[in-house]
Amino acid sequence: MSVTTLSSHALAQRQPNWIVRLFDCKPFLIAMCLAPALGLLSVFLTYPLGLGIWLAFTDTTIGRRGIFVGLENFQYLLTDPLWWNAVFYSVFYTAIATFGKFALGFWLALLLNNHFPFKSLLRAIVLLPWIVPTVLSALAFWWIYDPQFSIISYLLVDVLHWKSSNIDFLGSPWPARFSLIAANIWRGIPFVAISLLAGLQTISPSLYEAAMLDGASAWQRFRYITFPMMMPILAIVMTFSIIFTFTDFQLVYAITRGGPVNSTHLLATLAFQRGIAGGELGEGAAIAVSMIPFLVFATLFSYFGLARRKWQQGEAND
Amino acid sequence: MTDTVAQSSTVADAKAPPDTMAWDSGLRRLMMIYLPLGCFVLILLFPFYWMAITSFKPNAELMNYKDNNPFWISSPTLAHIKHLLFNTSYPQWLKTTMMVAIGSTTLSLIASTLAAYAIERLRFRGSPYVGLGIYLAYLVPPSILFIPLATVVVQFGLFDSPLALILVYPTFLVPFCTWLLIGYFKSIPYELEECALVDGATRLQILRRITLPLAVPGLISAGIFSFTLSWNEFIYALAFIQSGANKTVPVAILTELVTGDVYQWGALMAGSLLGSLPVAIFYSLFVDYYVSSLTGAVKE
Chain Y
422 MSVTTLSSHA LAQRQPNWIV RLFDCKPFLI AMCLAPALGL LSVFLTYPLG LGIWLAFTDT
482 TIGRRGIFVG LENFQYLLTD PLWWNAVFYS VFYTAIATFG KFALGFWLAL LLNNHFPFKS
542 LLRAIVLLPW IVPTVLSALA FWWIYDPQFS IISYLLVDVL HWKSSNIDFL GSPWPARFSL
602 IAANIWRGIP FVAISLLAGL QTISPSLYEA AMLDGASAWQ RFRYITFPMM MPILAIVMTF
662 SIIFTFTDFQ LVYAITRGGP VNSTHLLATL AFQRGIAGGE LGEGAAIAVS MIPFLVFATL
722 FSYFGLARRK WQQGEAND
Chain E
15 MTDTVAQSST VADAKAPPDT MAWDSGLRRL MMIYLPLGCF VLILLFPFYW MAITSFKPNA
75 ELMNYKDNNP FWISSPTLAH IKHLLFNTSY PQWLKTTMMV AIGSTTLSLI ASTLAAYAIE
135 RLRFRGSPYV GLGIYLAYLV PPSILFIPLA TVVVQFGLFD SPLALILVYP TFLVPFCTWL
195 LIGYFKSIPY ELEECALVDG ATRLQILRRI TLPLAVPGLI SAGIFSFTLS WNEFIYALAF
255 IQSGANKTVP VAILTELVTG DVYQWGALMA GSLLGSLPVA IFYSLFVDYY VSSLTGAVKE
């Protein structure tokens with residue numbers, strides 16, 4: 422119906438107007454449509470990316486243009502125990518947190534895939550940790566990890582009598598590291614669970630019926646149907662998760678700021694501390710650039726995950 | 015439970031495997047589904063409960079677990095919220111954050127709708143590569159970009175101005191929205207546009223009168239997503255904004271309210287609660303769009 426009303430309009434407006442004709446010229450229209458997005462992305466994404474790599478090879482500080490110093494920044498980083506510590510903790514943090522998020526998130530997705538009352542309400546509630554600003558929930562975790570008034574310590578010491586003294590969550594390196602990982606897992610579970618749930622719902626029930634007729638156990642159905650069918654989506658979600666966990670900044674900055682004694686610095690927080698807070702833009706940029714090899718590795722992982730998906734579904738699936 | 019298994023196995027000996035019969039029995043369901051689900055919900059929601067209850071507790075109760083049950087409030091107070099609203103510039107921070115979120119959402123919706131339309135509908139040579147390029151832009155995390163972007167922002171004379179945030183946030187919003195909208199435009203039948211072309215409509219008329227009205231659910235999903243992402247953004251806002259009045263809520267709470275050695279947990283938690291509420295309310299109004307955009311983007 423809208424089409425018929427449109428035609429009369431269009432005919433009425435059909436005057437030999439050069440602007441109208443210009444906008445009907447396809448190359449011009451394509452250029453106009455792509456200009457805002459590509460303009461924004463190239464000025465604020467591609468250019469800074471290149472500039473960042475350039476800055477990493479200079480000794481720029483805030484307020485002073487740097488000169489090219491070659492690999493000096495990177496040579497310095499290689500001898501810097503703090504940088505090595507940040508690399509170690511970034512990898513450790515990413516590995517443990519990703520494993521935790523996916524194990525628990527997959528479990529939650531499998532649970533949510535059952536039928537029970539208030540399902541959509543529950544699904545909405547589960548996403549909450551992911552919606553709320555990370556810094557604000559991180560503050561709640563900071564309060565939960567308080568050395569004196571931690572509610573977890575209260576539960577363990579005064580209610581359950583499992584321990585005799587309060588836990589010092591953030592005061593010493595290893596407990597602080599694991600506390601941050603726990604907060605990251607808490608925040609990441611919803612995203613993983615909801616994404617994987619979407620994948621679970623695309624698996625045809627007839628596969629399970631066929632397997633059950635053949636006498637497959639619940640574990641076998643999971644191992645030989647659910648898991649292989651979920652591989653493509655697992656690969657994509659995991660790549661995203663790895664990239665954004667490895668480059669995480671907010672949680673660490675809000676809860677520990679890299680302390681105690683710099684033991685919980687991630688590469689991103691170290692780059693911020695040196696680059697923005699310390700003013701050594703060149704060195705900060707070098708730390709940020711040193712994250713790129715890890716990210717390229719994760720992206721390649723994603724690419725092959727996607728390629729495999731195409732291959733599984735056949736060529737003509739677009 | 016052993017009963018049901020025993021019963022079902024006697025029946026099942028002849029026909030189906032016992033597993034299928036026992037699957038839906040009540041106790042097993044309780045142990046395998048409801049119990050773990052309950053634990054998940056408890057753990058996922060506890061920090062919010064703790065945040066809410068802390069923000070209404072008087073200071074005396076906050077620091078005394080011996081005489082009060084810490085899980086409940088015996089004399090609730092609005093003191094922390096009052097302090098926040100009248101003694102700090104919290105309303106100002108809320109206003110700035112809202113402005114930045116709305117500005118960047120509008121900007122990125124316009125840019126990504128046009129881009130998605132060009133890539134999906136005005137098919138040209140190399141359009142899949144432009145799409146791939148925009149997708150790859152999504153994989154560049156802000157943590158790599160914030161140092162060079164800070165110098166770019168200074169060069170443009172936008173340092174310490176919310177306008178810088180409005181212009182910078184689209185770098186992570188546009189890739190996501192474009193990808194979402196390309197998927198959405200794909201689902202709109204091409205025949206509708208062909209009809210309009212035959213009737214003599216121009217390309218822009220088609221976009222405005224046919225494609226956009228049909229893509230409204232996709233636009234809403236993209237809009238909600240952008241709004242929450244820009245409300246929650248932290249690292250750029252921390253690096254580019256210096257003066258107290260121009261800060262966004264997440265940055266301001268962390269940098270302006272955390273003062274001295276004794277943390278004012280009541281006020282901090284009240285600030286976090288108030289800062290989370292707008293997104294939470296916005297989210298609850300559009301849950302279905304949100305979930306579908308999240309899962310749709312992953313499936314794409």
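Read top to bottom, the protein sequences are chains Y and E. Going by this note's numbering, the first residue of the first sequence is number 422, and it counts up by one from there. Going by this note's numbering, the first residue of the second sequence is number 15, and it counts up by one from there. Even for Gly, the Cβ is constructed at its ideal location relative to N, Cα and C. Remember, predicted model here, so these are calculated numbers, not experimental data.
- By the C-beta criterion, the region 291 to 298 of chain E is judged not to be in contact with the region 581 to 590 of chain Y, since fewer than 3 inter-stretch pairs fall below 8 angstroms.
- Measuring C-alpha to C-alpha distances from Asn506 (chain Y) to each of Y:Met651, Y:Pro681 and Y:Arg644 identifies Y:Pro681 as the nearest.
- Of the other Cβ atoms in all chains shown, 16 or more fall within 10 Å of the Cβ of Gln694 (chain Y); this residue is therefore buried.
- Of the candidates Y:Asn587, Y:Trp607 and Y:Leu702, the residue whose Cα lies closest to the Cα of Leu577 (chain Y) is Y:Asn587.
- For the region 142 to 174 of chain E, the set of positions with a beta-carbon nearer than 8 angstroms to some beta-carbon of chain Y reads Val144, Ile148, Leu150, Ala151, Leu153, Val154, Pro155, Pro156, Ser157, Ile158, Leu159, Phe160, Ile161, Pro162, Leu163, Ala164, Thr165 and Val166 in chain order.
- If you ignore the 5 residues before and after Ser571 (chain Y), its C-beta comes within less than 7 angstroms of the C-beta of Ile565, Asn587, Ile588 and Phe590, all in its own chain and listed in chain order.
- In the three-state DSSP reduction, Thr262 (chain E) falls in the coil class, being neither helix nor strand.
- Within a 10 Å sphere around the beta-carbon of Gln169 (chain E) sit fewer than 16 other beta-carbons, which makes this residue exposed.
- Within the region 489 to 522 of chain Y, no residue places its CB atom closer than 9 angstroms to a CB of chain E.
- One finds Pro155 in chain E with Cβ atoms closer than 7 angstroms to the Cβ of Phe665 (chain Y), taken in chain order.
- With a threshold of 16 other beta carbon atoms within 10 Å, Gln496 (chain Y) falls short and is exposed.
- Residue nearest to Ser89 (chain E) within the set E:Ile116, E:Ile161, E:Asp81 and E:Glu75 is E:Glu75 (criterion: CA-CA distance).
- Under the DSSP assignment, Val673 (chain Y) falls in the alpha helix (DSSP H) whose first and last residues are Gln671 to Ile676.
- Interface criterion not met: the Cβ of Ala115 (chain E) is under 8 angstroms from no Cβ in chain Y.
- For Met65 (chain E), the chain Y residues whose C-beta falls within less than 7 angstroms of its own C-beta are Ala561, listed in chain order.
- The shortest C-alpha to C-alpha distance from Phe599 (chain Y) to any of Y:Ala689, Y:Ser463, Y:Leu672 and Y:Ala631 is the one to Y:Leu672.
- The region 557 to 564 of chain Y makes no contact with the region 641 to 659 of chain Y: fewer than 3 CB pairs, one atom from each, lie closer than 8 angstroms.
- Taking 8 angstroms as the cut-off, the Cβ atoms of Leu150 (chain E) and Tyr250 (chain E) do not count as close.
- Annotation: Ala458 (chain Y) to Gln569 (chain Y) spans about 50 angstroms, alpha carbon to alpha carbon.
- The CB of Thr482 (chain Y) never comes closer than 8 angstroms to any CB in chain E; the least such distance is about 11 angstroms.
- Its Cα nearest to that of Leu531 (chain Y), the residue Y:Leu621 stands out among Y:Ile654, Y:Trp640 and Y:Leu621.
- Here Phe489 (chain Y) carries a strand assignment [DSSP, helix/strand/coil].
- Linking Met651 (chain Y) to Leu617 (chain Y) through their CA atoms gives a straight-line distance of about 8 angstroms.
- Rounded to whole angstroms, the separation of the alpha carbons of Trp551 (chain Y) and Ala603 (chain Y) is 14 angstroms.
- Proximity to Ala706 (chain Y) across Y:Cys454, Y:Leu542 and Y:Pro469 peaks at Y:Pro469, based on C-alpha coordinates.
- Under the Cβ criterion of 8 angstroms, Pro231 (chain E) is not counted among the residues facing chain Y.
- Counting only Cβ-Cβ distances below 8 angstroms, Pro61 (chain E) has contacts in chain Y at Pro550, Ser558, Ala561, Phe562, Ile565 and Trp607, in chain order.
- In terms of Cα proximity to Thr660 (chain Y), the closest of Y:Ala631, Y:Ile708, Y:Phe715 and Y:Thr720 is Y:Thr720.
- About 4 angstroms separates the beta carbons of Leu529 (chain Y) and Ala614 (chain Y), which is inside the 8 angstroms limit, making them a contact pair.
- In the DSSP assignment, Ala251 (chain E) falls within the alpha helix (DSSP H) that extends over Ile249 to Phe254.
- A buried status is given to His94 (chain E), since no fewer than 16 other beta-carbon atoms sit within 10 Å of its beta-carbon.
- In this structure, Glu270 (chain E) and Gly280 (chain E) do not form a Cβ contact; the two beta carbons are roughly 16 angstroms apart against a cut-off of 8 angstroms.
- Take Phe199 (chain E), set aside five residues on each side of it, and the residues of its chain with a beta-carbon closer than 8 angstroms to its own are Ala130, Tyr131, Glu134, Arg135, Thr225, Ala229 and Gly232, in chain order.
- Thr555 (chain Y) sits in a helix when the DSSP states are folded into three classes.
- Sorting E:Trp64, E:Asn82 and E:Phe300 by C-alpha distance to the C-alpha of Phe241 (chain E) places E:Phe300 at the top.
- Shown in chain order are the members of the region 204 to 217 of chain E whose Cβ falls below 8 angstroms from a Cβ of chain Y: Leu206, Cys209, Ala210, Asp213, Gly214, Ala215, Thr216 and Arg217.
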